[in-house]
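Student:
In the working numbering, the protein residues as written are 140 to 487.
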């Protein structure tokens, strides 16, 4: 696609020209996919490499591309030590690589060609959002040792509470109360008792967050978004429902700003609407844990010696083992289960 054939506003074209950005790499939020200035600014922000001034200077001196460096600082910021690690690795292998470079390069090219020539197909360039998701998920998956615990929750009282409050919340806020809203509130009330799950691992030690900011994963065809509800523990259920809905609408209309996805201290991913019961969610760094919410299914459970049908919700908690031990994660899930099964107590 030629750039001048892409639908875009003059302001968007001007900004893209200044930033040397190809417009066909962007997803427009306007009518019929028209690209606006905010789309270009979002693209620049999402693809900007964050690094300290010293790290940038050292990388420039050593001719190291910051795009290939995984930052270990707060919010994945690249630090001096990250550059030094890359330089050390390159120095150690430079001699061996130079001796067999031509042979390996030729072999690699043939191997790549033979791999993809066995089956017909074509390469697809990932859109910016997909590339960002791939980078962040890889950083998370390969940097932290994790484990996942699963637990079942009797959602009888939770569903009853939602049914009782749904009209009231709708009248005062204009939005429909969801099960996710109730879970977000419950998590925010339990987290203060389990500080390890509201922390981050850094080179300088464990960073304990003072705020509770919960990211809610929203998946679209082009990629995964994680808008953040800030200071959830200080908000009422109505405020949580309203803000969650507003953020979800921003995602759907392409108006979500980079600031809307920053500052998460914990993440919730709900895929229950797709019939998924249990899964292993990947931590949304720099958080130390993520709660996966599965489908609620009617099951026979023993009650006073009798088999009764109950709506059972499945929860999956993935934790960073560098910060969180198994007993800590288990106690968090136990407390969360108790609150979700007696949800009225969190409204008092």
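A virtual CB, placed ideally from N, CA and C, is assigned to each residue, including glycine.
(1) So, for residue 482: in the same chain, excluding its five sequence neighbours on each side, which residues have a beta-carbon less than 6 Å away from its beta-carbon?
(2) Give the straight-line distance between the Cα atoms of residue 384 and residue 395, rounded to the nearest whole angstrom.
(3) Excluding five sequence neighbours on each side, which residues of the same chain lie with their C-beta closer than 6 Å to the C-beta of residue 184?
(4) By DSSP's criteria, residue 281 is part of a beta bridge. Which residues make up the other side?
(5) How about residue 354: is its Cβ closer than 6 Å to a heavy atom in the ligand GTP?
(6) Rounded to a whole number of angstroms, what is the C-alpha to C-alpha distance between residue 376 and residue 388?
(7) Between residue 472 and residue 331, what straight-line distance do the alpha-carbon atoms span, to the nearest angstrom?
(8) Are residue 478 and residue 485 touching if we call contact CB-CB under 7 Å?
(9) Report the rounded CA-to-CA distance for residue 156 versus residue 436, giving the unit in angstroms.
(10) To the nearest angstrom, how far is the alpha carbon of residue 217 from that of residue 274?
(11) Given residue 399, which residues of its chain have a CB within under 8 Å of its CB, disregarding the five upstream and five downstream residues?
(12) Using the Cα positions of residue 517 and residue 403, report the straight-line distance between them to the nearest angstrom.
(13) What residue range does the alpha helix (DSSP H) around residue 305 cover?
(14) Hey, would you say residue 316 sits closer than 7 Å to residue 308, going by beta carbons?
(15) Just the C-alpha distance for residue 206 and residue 187, rounded to the nearest angstrom, thanks.
(16) With a CB to CB cut of under 6 Å and the five nearest residues on each side skipped, what residues in its chain are close to residue 265?
(17) Is residue 350 helix, strand or coil when you go by DSSP?
(18) Does the segment 425-442 come within contact of the segment 332-348, defined as at least 3 CB pairs closer than 8 Å?
(19) Let me know the beta strand (DSSP E) ranges lying completely inside the segment 363-418, each 3 residues or longer, listed in chain order.
(20) Once you ignore the five residues that flank residue 149 on each side, which residues in its own chain have a CB closer than 6 Å to its CB?
(21) So the alpha helix (DSSP H) residue 322 belongs to, where does it begin and stop?
(22) Would you list the one or two residues that DSSP bridges to residue 339?
(23) Near residue 415, which residues of its chain fall below 8 Å by C-beta distance, leaving aside the five closest residues on each side in sequence?
(24) Would residue 457 and residue 407 be called neighbours here (beta carbons separated by less than 7 Å)?
(25) So residue 154 is in the alpha helix (DSSP H); what residue range does that whole segment cover?
(26) Alpha carbon to alpha carbon, how far is residue 144 from residue 328?
(27) To which residues of the same chain is residue 199 closer than 7 Å at the C-beta, ignoring the five residues directly before and after it?
(28) Which value, in whole angstroms, describes the spacing of the CA atoms of residue 465 and residue 346?
Tutor: So, from the data block:
(1) For this step, residue 482 is matched to residue 343 along the chain shown. Cβ neighbours of residue 482 beyond the five flanking positions: 296, 297, 300.
(2) One-based indexing of the chain shown puts residue 384 at position 245. One-based indexing of the chain shown puts residue 395 at position 256. Between residue 384 and residue 395, the C-alpha separation is close to 12 Å.
(3) Position 45 of the chain shown, counting from 1, holds the residue named residue 184. Excluding positions up to five away in sequence, the list reads 397.
(4) Sequence index remark: in the chain shown, residue 281 carries index 142 (1-based). Per DSSP, none; premise fails for residue 281.
(5) Inclusion of the ligand GTP in the displayed structure is not the case, the ligand content being empty and no account of it being possible.
(6) Here residue 376 refers to the residue found at position 237 of the chain shown. Here residue 388 refers to the residue found at position 249 of the chain shown. As the crow flies, the alpha-carbon of residue 376 is around 18 Å from that of residue 388.
(7) By 1-based counting over the chain shown, the position of residue 472 is 333. By 1-based counting over the chain shown, the position of residue 331 is 192. A straight line joining the alpha-carbon of residue 472 with that of residue 331 spans about 13 Å.
(8) On the chain shown, residue 478 is found 339 positions in, with the first residue counted as 1. On the chain shown, residue 485 is found 346 positions in, with the first residue counted as 1. Going by C-beta atoms, residue 478 is nearer than 7 Å to residue 485.
(9) Translated into the one-based positions of the chain shown, residue 156 becomes position 17. Translated into the one-based positions of the chain shown, residue 436 becomes position 297. Cα to Cα, residue 156 sits roughly 53 Å from residue 436.
(10) Stepping through the chain shown from its first residue, residue 217 is reached at position 78. Stepping through the chain shown from its first residue, residue 274 is reached at position 135. If I take the Cα positions, the gap works out to 14 Å.
(11) On the chain shown, residue 399 is found 260 positions in, with the first residue counted as 1. Cβ neighbours of residue 399 beyond the five flanking positions: 366, 367, 386, 389.
(12) Nothing can be reported for residue 517: it is not among the residues displayed for the chain, which extend from 140 to 487.
(13) What you label residue 305 is simply residue 166 of the chain shown in a count that begins at 1. Looking at the DSSP string, the run of the alpha helix (DSSP H) that includes residue 305 is 295-312.
(14) Your numbering for residue 316 matches position 177 in the chain shown. Your numbering for residue 308 matches position 169 in the chain shown. Cβ atoms of residue 316 and residue 308: closer than 7 Å.
(15) The residue you call residue 206 lines up with position 67 of the chain shown. The residue you call residue 187 lines up with position 48 of the chain shown. Using only the alpha carbons, I get a separation of about 9 Å.
(16) Residue 265 sits at position 126 when you count from the first residue of the chain shown. So the list is empty, once near-sequence residues are dropped.
(17) Residue numbering aside, residue 350 sits at position 211 when the chain shown is read from its first letter. Correct three-state label for residue 350: coil.
(18) yes
(19) For the segment 363-418, the full-length beta strand (DSSP E) segments reaching 3 residues or more read 405-409 along the chain.
(20) In the chain shown, counting from the first residue as 1, residue 149 sits at position 10. Cβ neighbours of residue 149 within its own chain (closer than 6 Å, five residues either side excluded): none.
(21) The residue labelled residue 322 in the question sits at position 183 within the chain shown. Taken as a continuous stretch (DSSP letters only), the alpha helix (DSSP H) holding residue 322 covers 318-329.
(22) Taking the first residue of the chain shown as 1, we reach residue 339 at position 200. Note: residue 339 sits in a beta bridge opposite 346.
(23) Sequence index remark: in the chain shown, residue 415 carries index 276 (1-based). Correct list, in chain order: 433, 434.
(24) Locating residue 457 in the chain shown gives position 318, where the first residue counts as 1. Locating residue 407 in the chain shown gives position 268, where the first residue counts as 1. Their beta carbons are not under 7 Å apart, which means residue 457 does not touch residue 407 by this criterion.
(25) Looking up residue 154 in the chain shown gives position 15. Where residue 154 is concerned, the enclosing alpha helix (DSSP H) stretches over 149-157.
(26) As a first step, residue 144 is located in the chain shown; it is residue number 5 there, counting from the start. As a first step, residue 328 is located in the chain shown; it is residue number 189 there, counting from the start. Their backbone Cα atoms lie some 51 Å apart in a straight line.
(27) Here the question's residue 199 lines up with position 60 in the chain shown. Closer than 7 Å at the Cβ level, and outside the excluded window around residue 199, lies no residue.
(28) Locating residue 465 in the chain shown gives position 326, where the first residue counts as 1. Locating residue 346 in the chain shown gives position 207, where the first residue counts as 1. The alpha-carbon atoms of residue 465 and residue 346 are separated by roughly 19 Å.
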